[in-house]
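J.: Let me begin by handing over the structure; questions about it come next.
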Amino acid sequence: MKAILANDIDQDLPIAQKDRLLLRWLSTVDHKAIGKLYILAALLFFLVGGVEALLMRMQLAVAENHFLSPEAYNQIFTMHGVTMIFFVMMPALLGLTVYILPLMIGANEMAFPRLNAFSFWITLFGGLLLYFSFAAGGAPNAGWFNYAPLSEDQYSSSPGVDYYAMGLLLAGIGSLTTAINIIVTVLKLRVKGMTLKRLPLFVWMALVNGFLIIGALPSLNAALSMLLLDRLAEAHFFNTTSGGSALLWQHLFWLFGHPEVYILILPAFGIYSEVFQVYSQKKIFGYPFVAASTVAIALLAFGVWVHHMFATGLGNTVNSFFAAASMLIGIPTGIKIFNWIGTMYGGKISLTVSMMFAIAFLVEFTIGGLSGIGFSLVPIDWQLTDTYFVVAHLHYVLIGGSLFSVFSALFYWFPKITGWQLDEKLGKWFFWLFVVGFNLTFFLQHFLGLMGMARRVYTYQDIPYYTILNLLSSAGAYLMGAAVMLLLYNIYKTQKTKIPSSADPWNAFTLEWYAASPPNEKNFEEVPVVGSRRPLWDLKNPHNRDYD
Amino acid sequence: MMKLIIGSEAIFFLCLIVAYLYFWRSITFQREVSANLDIKSTVLFTAILLSSSFTFWRAEKNHHRGNNKAANAWLSATIFLGAIFLIGQGREYYRLFNRNVLISKSEFGSSFYTLTGFHGLHVLIGLIILISVLLLTLNGHLQNKNSTVLSTVGMYWHFVDVVWLFVFSTIYVLPHVL
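Chains A and B, in that order, give the protein sequences.
The working numbering numbers the first residue of the first sequence as 1 and each following residue consecutively.
The working numbering numbers the first residue of the second sequence as 1001 and each following residue consecutively.
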């Protein structure tokens, strides 16, 4: 039943002496330490980005408010978007992958440990560089998609956009190298018996996601390079006054930008696929469909970018093509929703905080998906583009999809990462506060959008319903803020009281729970030969093992 | 791993080529191309870069046969040819600077220098890697016949050559075909 690991590390990796804590963290190449660093960095940026969101909602709480100047508001909404997408969701999801994935496939390290450290540090410095813009004369202020020609230096003369381009370029290189590292790790370091058809779904999603990153990020890097050349060397790419093209930026940006939102949701799908199985104590319903529909999403991801550009007037033929392609995305995504519901059906469901976030995801993500399908209809898109309806839609998929998965993963894997269990009761308070606050904030914004309220404007006039809906929306945002405080307190309390957790508190199915909690520096001394999709289940139930 | 890096680099260059073609559609752009670019000397430097792929292939073959002396000679030839190509690119840039074709002058300048510049940067990186490999072998490292270092470096070097074929076709050949 047991085999010695094939891929032992043949020599010790450089680790600084134990008594020099800071140097140890700075020089570590251990995938678990780097995973933790990623998650901590994401948490730091999450708090900053959250404060920015609360500042915006403070400004918008009442009509014709002067809490923030228009200039400050532009910088804050830009920084909020850039921070949350590139320096919260990306590092949180990639960090979880880097931590959990080698454990799940029975490996002791990533394929390239030093490259792993490089990826983390370059991403972090990208984020710090972005925030340095505040000290250098003004943060970027042209929105997270930074449309030309507003981003050119005659319209944005503060150096903010330069820091945007350089910060994202660094983080983009970091994401690319992580993606390469993940793919090679999955393809080369799996334990004996773990064929691609037996990969845990979290690993499947990470693998597909790796290819998606490799396909999408170069387009952003190319666009950012051109933007920097425009701003620093007076090139003409996006400068419309001298013959450049604003549309070229939009094409290149969204050729990256749409796959990017799938890059943020595929790891989330992976997390949910594990969570639904474990807390239903049932194996996934329709494993091949979950895996194959992910590949379909990844392929379709590169054929839908123009639905962000319907308002630019590319003509009916182009619009119709991209509208149809965008609608197709609903099929593989819908399939997965049914897979997860099917997994719960007839299972022994335990409503832990992690599972509650997963179930809430099914509801919220479906709402976000339905408004998304609405946007693929060109006339609806024309009506609603650049309104709060878009803001509502994107937050339903990014918070209700990606962020909920990070919360779900946090409660699921916290015992694995720290050896302690988060307080479930406090966790449930956190869950309800956050979910109620989230829906209050963003559900109402659908109506504001339908009524024509434009996004990215620092204030609004006192028109009927505008003020009351905005006030309620702001109140919801502060509920979410309070919920996050509760989460922080939960983490603080847990590490203070140190309620020890067993090595396998959830009766899980995958190999990361075979290692100690927290894992030793060398993850495994030995790993069972894998004979099915649920190796740990087989070990615990030798007379009722799986054969798939 | 190298294949994945090449994949991402290929998409990066694809974006730059698309940007070039995007601007190339305009008549003024095409007039500038025909007024300033000279395909003849560039054909020569293209041939030189492509022949460096051949010399590298010979270096790799000799390395795997354990014929380290010959491998080093072929490797040196590869570095020499790559350097000549860069000198050729410098010469072309110098000629264009004198004709007042600048990155800040027109869309042609912007997209021409960006596309060829990024390719030149990749040739330069390739040269640095090749020189490192040569120094290592001269000092008695990488003598193991089964080492994959040379074939990995080779993938990158051939890739840089292939990219040039696309860049060359886009910038120099296309105006003569269409």
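We put the beta carbon where it would ideally sit given N, CA and C, even for glycine.
1) Should A/E64 be labelled buried (16 or more other beta-carbon atoms within 10 Å of its own) or exposed?
2) Which of the three DSSP states is assigned to A/V529 in this structure?
3) Are at least three pairs of beta-carbons, each pair with one atom in the stretch 468-475 of chain A and one in the stretch 435-455 of chain A, less than 8 Å apart?
4) Within 8 Å, do at least three Cβ pairs link the stretch 429-436 of chain A to the stretch 380-391 of chain A?
5) Are any of the Cβ atoms in chain A nearer than 8 Å to that of B/F1012?
6) By the criterion of Cβ-Cβ separation under 9 Å, what are the contact partners of B/L1081 in chain A?
7) Please determine if the stretch 248-267 of chain A and the stretch 295-303 of chain A are in contact, where contact requires at least 3 C-beta pairs separated by less than 8 Å.
8) Under 8 Å: do the stretch 526-535 of chain A and the stretch 409-424 of chain A share three or more Cβ pairs, one atom per stretch?
9) Whose Cβ in chain B lies nearer than 7 Å to the Cβ of A/G286?
10) Check this for me: beta carbons of B/L1142 and B/V1153, under 8 Å apart or not?
11) Pull up the DSSP beta-bridge partners for A/P500, would you.
12) Tell me whether A/A454 sits in a helix, a strand or coil according to DSSP, three-state version.
13) Compile a chain-ordered list of the residues in the stretch 156-176 of chain A whose CB is closer than 8 Å to at least one CB of chain B.
14) Using the beta-carbon count (16 or more within 10 Å), is A/D10 buried or exposed?
15) Report, in whole angstroms, the separation of the C-beta atoms of A/G210 and A/A179, which I expect to be a contact under 8 Å.
16) Decide yes or no for the touch test of the stretch 359-369 of chain A against the stretch 330-345 of chain A: beta carbon pairs closer than 8 Å, at least 3 of them.
17) Pairs of beta-carbons, one from the stretch 540-547 of chain A and one from the stretch 109-125 of chain A, closer than 8 Å: are there three or more?
18) Can you tell which of A/G346, A/R114, A/P200 has its C-alpha closest to the C-alpha of A/G270?
19) Answer with yes or no whether the minimum CB distance from A/N221 to chain B is below 8 Å.
20) Among B/N1098, B/S1111, B/A1059, which residue has its Cα nearest to the Cα of B/I1079?
21) If we ignore side chains and look at the alpha-carbon of each, how far apart do A/E260 and B/N1144 end up?
22) Tell me the DSSP secondary structure of B/T1042 in three-state form.
23) Rounded to a whole number of angstroms, what is the C-alpha to C-alpha distance between A/N507 and A/R198?
24) Less than 8 Å separating the beta-carbons of A/A142 and A/L129?
25) Per DSSP, A/T387 forms a beta bridge with which residues?
26) Flag A/H236 as yes if its beta-carbon sits less than 8 Å from any beta-carbon of chain B, otherwise no.
27) For chain E, check one thing: does any of its Cβ atoms lie closer than 8 Å to the Cβ of B/Y1156?
28) Would you give the residue range spanned by the alpha helix (DSSP H) that A/I265 belongs to?
29) Taking 8 Å as the CB-CB limit, is A/V82 close to chain B?
30) Return the chain-ordered list of same chain residues with a C-beta closer than 8 Å to the C-beta of B/H1122, the five sequence neighbours on each side being excluded.
31) Helix, strand or coil, according to DSSP, for B/S1147 in the structure here?
32) For B/Y1022, does the three-state DSSP call read helix, strand or coil?
33) Using a beta-carbon distance below 8 Å, is B/I1171 in contact with chain A?
34) Tell me which same chain residues have a C-beta within less than 6 Å of the C-beta of B/W1157, skipping the five on either side of it?
35) For the alpha helix (DSSP H) that A/G400 lies in, which residues bound it at each end?
36) State buried or exposed for A/M485, treating a residue as buried only when at least 16 other CB atoms are found within 10 Å of its CB.
T.: Reading it off the structure:
1) Here the question's residue 64 of chain A lines up with position 64 in the first sequence. Exposed.
2) For the purposes of this step, residue 529 of chain A is taken as residue 529 along the first sequence, with counting starting at 1. Three-state DSSP puts A/V529 in coil, outside helix and strand.
3) yes
4) no
5) Locating residue 1012 of chain B in the second sequence gives position 12, where the first residue counts as 1. Answer yes: the Cβ-Cβ gap between B/F1012 and chain A drops below 8 Å somewhere.
6) Taking the second sequence and counting its residues from 1, one reaches residue 1081 of chain B at position 81. Per Cβ cutoff of 9 Å: no residues; B/L1081 is ~28 Å from chain A at best.
7) Counting Cβ pairs under 8 Å, three or more are found: they touch.
8) no
9) Looking up residue 286 of chain A in the first sequence gives position 286. What A/G286 touches in chain B: nothing, since even the nearest Cβ is about 30 Å away.
10) For the purposes of this step, residue 1142 of chain B is identified with residue 142 of the second sequence, where counting begins at 1. For the purposes of this step, residue 1153 of chain B is identified with residue 153 of the second sequence, where counting begins at 1. No, these two residues do not count as a Cβ contact at 8 Å.
11) Position 500 of the first sequence holds residue 500 of chain A. DSSP, once it has assigned bridges, lists A/W420 as partnering A/P500.
12) The residue you call residue 454 of chain A lines up with position 454 of the first sequence. Three-state DSSP puts A/A454 in a strand.
13) Listed by position along the chain: L176.
14) To locate residue 10 of chain A, count along the first sequence from 1; it is residue 10. Bear in mind that the predicted position of A/D10 carries a pLDDT of just 48, short of 50, making it unreliable; the figure below should be weighed with that in mind. It counts as exposed.
15) What you label residue 210 of chain A is simply residue 210 of the first sequence in a count that begins at 1. What you label residue 179 of chain A is simply residue 179 of the first sequence in a count that begins at 1. Between A/A179 and A/G210 the Cβ distance is about 4 Å, and since that is below 8 Å, they are a contact.
16) yes
17) no
18) Looking up residue 270 of chain A in the first sequence gives position 270. Closest by alpha carbon: A/P200.
19) As a first step, residue 221 of chain A is located in the first sequence; it is residue number 221 there, counting from the start. With 8 Å as the cut-off, A/N221 counts as an interface residue toward chain B.
20) Here the question's residue 1079 of chain B lines up with position 79 in the second sequence. Of the candidates B/N1098, B/S1111, B/A1059, the one whose C-alpha sits nearest the C-alpha of B/I1079 is B/A1059.
21) Within the first sequence, residue 260 of chain A is the residue found at index 260, counting from 1. Within the second sequence, residue 1144 of chain B is the residue found at index 144, counting from 1. Taking the straight line joining both Cα atoms gives about 43 Å.
22) Reading the second sequence from its first residue, position 42 is the one you call residue 1042 of chain B. Three-state DSSP puts B/T1042 in a helix.
23) Mapped onto the first sequence, residue 507 of chain A falls at position 507. Mapped onto the first sequence, residue 198 of chain A falls at position 198. When rounded, the distance between both Cα atoms is 19 Å.
24) As a first step, residue 142 of chain A must be located in the first sequence, where it is residue number 142. As a first step, residue 129 of chain A must be located in the first sequence, where it is residue number 129. Contact: no.
25) As a position in the first sequence, residue 387 of chain A is number 387, starting the count at 1. Within the DSSP secondary-structure output, A/T387 pairs in a beta bridge with A/A454.
26) Your numbering for residue 236 of chain A matches position 236 in the first sequence. Judged by the 8 Å Cβ criterion, A/H236 is in contact with chain B.
27) Within the model displayed, chain E is absent; protein chains A and B are what it includes.
28) On the first sequence, residue 265 of chain A is found 265 positions in, with the first residue counted as 1. It spans 246-280 - the alpha helix (DSSP H) in which A/I265 sits, taken as one unbroken run.
29) Taking the first sequence and counting its residues from 1, one reaches residue 82 of chain A at position 82. No, because no Cβ of chain B sits closer than 8 Å to the Cβ of A/V82.
30) Position 122 of the second sequence, counted from the start, is the residue given in the question as residue 1122 of chain B. Answer for B/H1122: E1009, V1160, V1163, listed in chain order.
31) On the second sequence, residue 1147 of chain B is found 147 positions in, with the first residue counted as 1. DSSP places B/S1147 in coil when its eight states are reduced to three.
32) The sequence position of residue 1022 of chain B within the second sequence is 22, counting from 1. B/Y1022: helix per DSSP, three-state reduction.
33) Counted from its first residue, the second sequence places residue 1171 of chain B at position 171. Taking Cβ atoms only, chain A never reaches closer than 8 Å to B/I1171, which makes this a no.
34) Reading the second sequence from its first residue, position 157 is the one you call residue 1157 of chain B. The answer, listed in chain order, is F1056, G1126.
35) Along the first sequence, one-based indexing puts residue 400 of chain A at 400. Premise fails: A/G400 is in no alpha helix (DSSP H) and is neither H nor E.
36) Position 485 of the first sequence holds residue 485 of chain A. Result: exposed.
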